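If you use this note's numbering, the sequence shown closes out at 1391, no skipped numbers anywhere.
We put the beta carbon where it would ideally sit given N, CA and C, even for glycine.
Remember, it's a predicted structure, so these values are computed and weren't measured experimentally.
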Amino acid sequence: MYDILIIGSGPAGLSAAVYAARAQRKAVVIEKEYMGTGQIAVTDRVDNYLGLPGENGYDLGEKFRSHAVALGAEFLDGEVTAISKTPEGNFTAAVSGKTVEGRTVIYAAGTVNRRLGVEGDGLSGVSYCAVCDGMFYKGKTVAVVGGGDTALGDALYLSKLADKVYLIHRREGFRANKTIVGQVKNAPNIELVLNAKVSRVLGEGKVAGVEVDQQGSIRTIDVDGVFTAIGSLPNTAAVSALEGLALDGGYIVADETGRTSVEGFYAAGDVRTKHLRQVITAAADGASCAVSADEYLSLSE
Ligand SMILES: Cc1cc2nc3c(=O)[nH]c(=O)nc-3n(C[C@H](O)[C@H](O)[C@H](O)COP(=O)(O)OP(=O)(O)OC[C@H]3O[C@@H](n4cnc5c(N)ncnc54)[C@H](O)[C@@H]3O)c2cc1C
């Protein structure tokens, strides 16, 4: 029986592991991706994490993981498919065919990318990760769909590899920060396609173009790849049967301490209700949850 089951080894889960180790709690970090460090691993450059400007996302994730490892954190590879509460008030997690038990849970499973939801969005050449797949489009033409920081960051990154980047956004204005908007507007090989929705991804087996509905007029743009950055959905399938757990828009409702509507169950990082989904806030949540779990455990000792 563990004191704390930490689900996910992104910034939130790894920060929770560091704080749990320092509180001398018996904790295990359960992660479905081999050596995973969460979404940040596929980010080319993180410019806003305090004290480490311009850090590569993969390297930042490795630093987080090494820190947890150095403090003796235990890891278990596997996907958590269901979490339930026992009559005694403990938790069981079904992990790739076995059951792991803990007195508390810190749920830090993050989010998944939202799909376009149109015909052809499963074709080869539709990607959610510019950093992972960008190199396949050297000298080619690509489309990026979205209007936030991720979409604009992807467009800029791809503009250094591809000959031409179409940035397709359903509104006139962007939700991204002003610096990056300026950089995108000044990039000579990025063409903005605004007030436009992708209505189909075209191609036989692999992407050959996109059909775009621009305020009622249909336009076809020939592209070799489509990079989708239109937001994300919380990874909450594993807690769907956890009785009494309050969600808001699919995100787990938690207070500043990480406490949820289920006693002993804490939520950290992108998977919970919050104002800002970033590495720094995920790490802060992980720390708060571990301290909260430690305090909760102390009450019954
Ligand atoms: C392209 C991109 C660029 C970004 N750039 C920045 C940036 O520059 N600066 C910044 O601060 N933030 C950035 N972010 C946001 C940042 O990555 C997230 O806010 C942060 O990673 C959230 O951390 P997390 O630990 O909550 O979740 P995640 O990083 O999503 O980690 C969740 C982990 O849980 C695992 N998991 C999920 N379900 C299960 C399960 N059922 N069982 C076991 N394991 C599971 C996943 O495999 C994953 O490793 C970016 C995100 C993206 C996608």
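- In this structure, L1257 keeps its C-beta atom at 9 Å or more from the C-beta atom of V1291.
- In this structure the region 1109 to 1125 does not lie against the region 1206 to 1217, because fewer than three pairs of beta carbons, one per stretch, are closer than 8 Å.
- Bounds of any alpha helix (DSSP H) do not take in F1264, whose DSSP letter is neither H nor E.
- Taking the Cα of G1295 as reference, the smallest distance to any Cα among Q1305, D1314 and N1279 is reached at D1314.
- About 5 Å separates the CB atoms of V1352 and G1334; that is less than 8 Å, so the two are in contact.
- L1104 places its beta carbon less than 9 Å from that of R1155.
- In the three-state DSSP reduction, P1324 falls in the strand class (E or B).
- Going by DSSP, A1184 is part of the beta strand (DSSP E) stretching over F1181 to V1185.
- Its Cα nearest to that of L1161, the residue V1108 stands out among V1108, V1288 and A1327.
- Excluding five sequence positions before and after V1369, the CB atoms of its chain that fall closer than 6 Å to its own CB belong to P1101, I1130 and Y1139, given in chain order.
- Taking 8 Å as the cut-off, one finds at least one heavy atom of ligand 1 near enough to the beta carbon of Q1368.
- Listed as beta-bridge partners of E1145 by DSSP are V1136.
- In the same chain as D1303, and ignoring 5 residues on each side of it, the C-beta atoms closer than 6 Å to its own belong to K1287 and S1289, in chain order.
- DSSP places A1107 in the uninterrupted alpha helix (DSSP H) bounded by P1101 to R1112.
- H1365 counts as exposed, since fewer than 16 other C-beta atoms from the protein chains shown sit within 10 angstroms of its C-beta.
- Pairing T1363 with D1338 gives a Cβ-Cβ distance under 9 Å.
- Here the region 1165 to 1183 makes no contact with the region 1250 to 1267; the two share fewer than three CB pairs at distances below 8 Å.
- DSSP links A1357 through a beta bridge to Y1197.
- Of the residues G1147, N1279, G1293 and L1166, the one whose Cα lies closest to the Cα of G1229 is N1279.
- A residue is called buried when at least 16 other Cβ atoms come within 10 angstroms of its Cβ; E1145 meets this threshold and is buried.
- Taking the Cβ of V1302 as the reference point, every heavy atom of ligand 1 lies at 8 Å or farther away.
- Non-local C-beta neighbours of R1205 in its own chain, meaning closer than 6 Å and more than five positions away in sequence, comprise D1211, ordered along the chain.
- I1342 has its CB no nearer than 8 Å to any heavy atom of ligand 1.
- Contact between V1195 and F1355 holds: their C-beta atoms lie close to 5 Å from each other, under 8 Å.
- V1343 sits in coil when the DSSP states are folded into three classes, being neither helix nor strand.
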